[in-house]
Amino acid sequence: MRNSNTNNWRSTALIAGAILTAGVVTTTSTTDVHADNSQNNAQVSNGQVTYDQVRATADQQLAQLQSANDSKEAQQATANEQSNAADLAQTNAQIDQLKASHAALEQEQAGAIAQAQASTTASIEAQTSAANAEYQQQINAQQQNEATQRAANDQQYAQAVSQAAENQQAVADINAQYQQALSDAANTQTSQAQAAANNYNSAVAKENDTYQGKLSAQKATNAENIKNAEASLASVTANANKPYEVATTNDVAVTGRVAKPQTDVKVPAYVTKYGIHLEVRGYNGAIPVSDYTYPEFANTYYGEYPDSAVITNKAAESTPHDISEMPLDFQPGLLSYDAKNDHSEKVSADGLTADQVQVLRALALSWENGFRNNVFKNYREFYNVVNKNDGFVNVAPVDLVSTDFTDNIANQVVANRTKYNVDNNSHTVKDSGMPTEATYSSIINNATQNLKKNLTSEFNGKTVYTDVNENLTTMQAGTPTLLNYAINLYNSMQGMYYGELVNPTHIGGHAVNLLRAGIRTVGIGFQKLTDEMTAKNGSGVSDRKNPSYAVTFDHVGFNIDHDANLTKEVQNRNVWGTSTVDAQLNTIKTAQYHVNKVPDTKTVTPTATDVQKATASEQQKLADVKAQAQQSLDALASAHQASLNKLEQQYNDAKAQVKANYDVAVTKAASVRDAALKATGVVDLQAYKAQLDSAYQNLVKADQVAAQKLAADRDAKITNIKKAENAKLDAKINELVPSVDPQIKQLQDQHQAVIAHGDDVLAELKAENKAAYNKLAEQFNVQLAAIQRREDAKRANEVRLANNTVVLPSAVKVANDGNVDTVAFPTASNPLQAETTGRVQTVSAPSIVKTATQTPIAVAPVVTTVNHAAENTVKSNESSAPVVTQTAAVAATTNNGTQTSVASTADNKATKADNSEKSVVKADTVAKKQTPAKKSESSQKVDQSSMSIVALAATALLGTLGITYSSKKRHN
């Protein structure tokens, strides 16, 4: 058997039995056989009319109440405006009356007011004149005192002049002696200053001669050093400019041969007539090419035949010669095989080695990622249909990885399948004859339970969905080489994926499983089939000389609350293990494209930059020599200047001493003169005159300060006089004509109070209206909720089969879980069952966790066959594929691959009670939920009358269907 999503060789009896049984069990979905995934279709209840009537009544009454409320509020607002306007007119009239009364009183008292104003003016003028007179009297007194002091000073100075005339000769002699002393001191100063100048000039001349000698010697030394450095630089520069040979390598790109898939394959007429029935809902026969949105997908399903032996136009470019020529990008199209040009390693009779398995894992991983990326980039509508409810519409998927983590899952799946003798027509599920703990879902749950627990805790308050599914195909080889197996697997996957992309409304289960953006890892297992398995009718194995394999693709991932950003962040974490296929992929990639390094030599002509680098050291040496030369000259100049400064300082010190000697002589001469004058009693008339003048000026200054204070006191007194008199005038006028401002302010405040009262009344009315509206709306909401619950309960036991409604038997309580209702149905059978390779049995899906406000609803059993069992249906809210498939496997699935919400508590109970839109469990998908793992035997039994109905319906349908069956490879 090929890929377990195309059970096309089943008998018409099994088709009838499966369809009828599925019709009794479920109302809203059929299944994508052997592609482990599920989605739900919502149903519309006929009882919904009652709900709509109540909803319409509620809308009408609420609208009427709202209209009445608006009318009352508008009336109150209008009343407020009218009241406010009337009160404002009355207030303004009262204010105008007050102002008119005040104006009349002012007119009446005009004479008295004028008399009071005149009296105030006269009083102010009289008091101001008195203050000015007092100030002027004080100023006159000051001026008289200054005149008296000036006369006394003149008299005292005249007496001093008279006394000085009597001692005139004695003073003349004393002054002559003083002048002679000054002359002698000046002559001494001149002679000493000249001597100091001569000594300074002689020392400076000597210092200049010494400096010039040292300067000439240093310049000669500097010139020689610079000359040597320039010569060295010239030599190095000449060498640096010479061309030279260097060893080098050239990059030579090597592009390996890569086979190109072909889509325009030609097949014999009998193959075209024979056809292949892919597992795409809505097709019970071969799918016409015209139904494909993209015709290039139509012929990919011929990869279902062993080794593509039916392809008659094998193109050379589509025929790989070794593993390194296998394409990695997985474009649509098939590969051809040529045993004569197969250079790959052999596969022994014992089967694939561990290394060979890793090579095939690497290729299959690359092809799955190539399919996902190519569909997203070039056929986006298919991707968006699958992920429309998962938060990934137009969001690129993250590449899948194959790691030690997924290898362990795949190896355990293979071991369990081998242990329980599960063939290539059956999934790793309980109905394939293995215990629950051996199924692929149990293996994955055990491997991911810690990660799931951590994510649930981390994203508390959000729903964590588990994306788990399994695809199954068969791999075989007519020639026991690794290349033959790889080509066979490649072509099989072409049919399993591209062949199922008919159009956006018809997508097969395998393609849906792989296009789910929530998955992050894939465990790819290779189960070696036994001779007994390959010999079974319908195994799809055409050549039993070489080992054949059932290849399982177990996909694992988590979707965080259908939020693409959160989901991608988790997908990119380092929690998925270490890749085990990088080395194999890199080997193939390197063979298909790499760059060789070829040794060579070349002549290099130095560039200006090269010359600059080569001569940089010598250039620096020359710069250093020049800098040192300048530094030596600067040092000589600095020492020379320091010597000159020292000589100048010595000269200045000598001049200062000469000046100090002169000052001492002059001071002594003055002292001698003053002592002689004092002995004669002579007064210094000039100094005495200055003393008298200073005393007089001090008196004048003091009087000016006093005069300023007197003026300030006078001005303050006049200001106080005016203030007091004007206050008396204001009081008198207010007594004659009182102010009306307080009465006006009171009237304005009363008007504002009227406005505020109206606003309060309107606000209270609006609050009462809102409360009444909310109360009525709540009453309708309670009534509608009760109707909805009643209709949901009624709809849970009804299913649609064609144009008929079937009422399900009542649910049987499960003893071990009081919160779960289960419904069990009898195993369907038919008289033509012997023509198939297996027996009909039920397949149960794992229970689905719902929100905390709901209880898990068990899934009714679904009919399938042991050797063609599938595990996955496609929820219609995630893919719009039709609800009918074209093969007998239409009802042979479960929803083991559904997205199930992960609980935040240890017992997997959901915590988001307020997220009903994203709840995994809905009332109209009761028939798709699976029963718990543990059931009492009583829950497996059903009234025998149900069996009779099923048998009669199957017999009737067999008489109307003329479907033939054939044996071909297919997907599971």
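Numbering follows my numbering, with no gaps: position 436 of the sequence shown is 459.
Idealized CB from N, CA, C, for every residue including glycine.
Computed from a predicted structure; not experimentally measured.
With a CB to CB cut of under 7 Å and the five nearest residues on each side skipped, what residues in its chain are close to residue i?
i, result
"A667", "Per the sequence shown, residue 667 should be read as Leu rather than Ala. Closer than 7 Å at Cβ, skipping near neighbours: V227 and E230."
"G374", "K551 and P570"
"V627", "P266, Y267 and V269"
"N514", "G326, S331, L357 and L358"
"V416", "N407 and N410"
"A183", "V706, L708 and Y711"
"H366", "H344 and D345"
Do you know whose CA, among the options, lies nearest residue i's CA?
i, options, result
"T486", "F576, P503, N92 and H585", "H585"
"E391", "Q642, P355, K363 and L785", "P355"
"V621", "A188, N190 and A276", "A276"
"M349", "F320, T335 and V382", "V382"
"Q720", "I136, G134, S94 and N176", "N176"
"N743", "I136, A133 and E148", "E148"
"L656", "A218, T144 and K242", "K242"
"V380", "L512, Q771, G414 and A181", "L512"
"K691", "E368, A204, A658 and Q117", "A204"
"A321", "K250, I530 and A606", "I530"
"A387", "S455, Q166 and Y508", "Y508"
"Q594", "R818, P420 and Q166", "P420"
Using the C-alpha atoms, what's the distance from residue j back to residue i?
i, j, result
"Q517", "T342", "16 Å"
"K12", "D633", "The question about residue 12 has no answer, for the chain in this structure spans 24 to 995."
"Q727", "K746", "29 Å"
"V370", "Y521", "29 Å"
"K442", "Y328", "28 Å"
"E671", "Y223", "7 Å"
"N155", "K724", "22 Å"
"T151", "Q138", "20 Å"
"G600", "N407", "29 Å"
"L85", "Q775", "37 Å"
"Y293", "F482", "57 Å"
"D110", "E129", "29 Å"
"T934", "N477", "Summary for T934: the model assigns pLDDT 29, below 50, so the residue's position carries little reliability; its value from the coordinates is reported in the next sentence. Those two C-alpha atoms are separated by around 15 Å."
"G861", "N560", "With a pLDDT of only 32 at G861, under 50, the local geometry of the prediction cannot be trusted, and the value read off the model is given with reservation. Between G861 and N560, the C-alpha separation is close to 10 Å."
"Q215", "A693", "22 Å"
"K740", "A112", "51 Å"
"L807", "N412", "27 Å"
"I778", "A108", "10 Å"
"N469", "A809", "41 Å"
"G308", "A362", "33 Å"
"Q160", "Q186", "41 Å"
"N273", "V618", "10 Å"
"T590", "T489", "11 Å"
"Q771", "K755", "28 Å"
"Q217", "A662", "28 Å"
"S146", "K751", "11 Å"
Residue i and residue j look like a contact to me (Cβ under 8 Å); what is the Cβ gap, rounded to whole Å?
i, j, result
"R543", "V579", "7 Å"
"T553", "R567", "With 8 Å as the limit, T553 and R567 do not qualify as a contact, their Cβ atoms being about 11 Å apart."
"L537", "D345", "About 27 Å; that fails the 8 Å criterion."
"G532", "F581", "G532 to F581, Cβ: 21 Å. No contact."
"A637", "V418", "Contact flag wrong, Cβ pair sits at about 58 Å."
Note down, in chain order, each residue of its chain lying with its Cβ closer than 6 Å to the Cβ of residue i, except the 5 sequence neighbours on either side.
i, result
"I510", "L358 and Y360"
"G548", "A433, V436, V437 and T575"
"R696", "I197 and Y201"
"R384", "S425, I547 and V604"
"D430", "T603"
Under 8 Å Cβ to Cβ from residue i, same chain only, skipping five residues before and after it: list those, please.
i, result
"Y685", "A208, A209, T211 and Q212"
"Y796", "L85, L88, Q89 and N92"
"L788", "K95, E96 and Q99"
Is any non-hydrogen atom of the ligand NAP found closer than 7 Å to the C-beta of residue i, if you look at the structure I gave you?
i, result
"Q89", "Among the components of this structure there are no ligands whatsoever, and the ligand NAP is therefore not found."
* Asked: Does the stretch 604-615 come within contact of the stretch 252-260, defined as at least 3 CB pairs closer than 8 Å?
  -> no
* Quick check: the stretch 111-125 against the stretch 752-767, are there 3 or more CB pairs under 8 Å? -> yes
* **Any 3 or more C-beta pairs closer than 8 Å across the stretch 295-308 and the stretch 240-257** => no
* Do the stretch 782-799 and the stretch 85-105 make contact, defined as three or more Cβ pairs closer than 8 Å? -> yes
* Asked: Should the stretch 522-534 be called in touch with the stretch 305-322, which here means at least 3 C-beta pairs below 8 Å?
  -> yes
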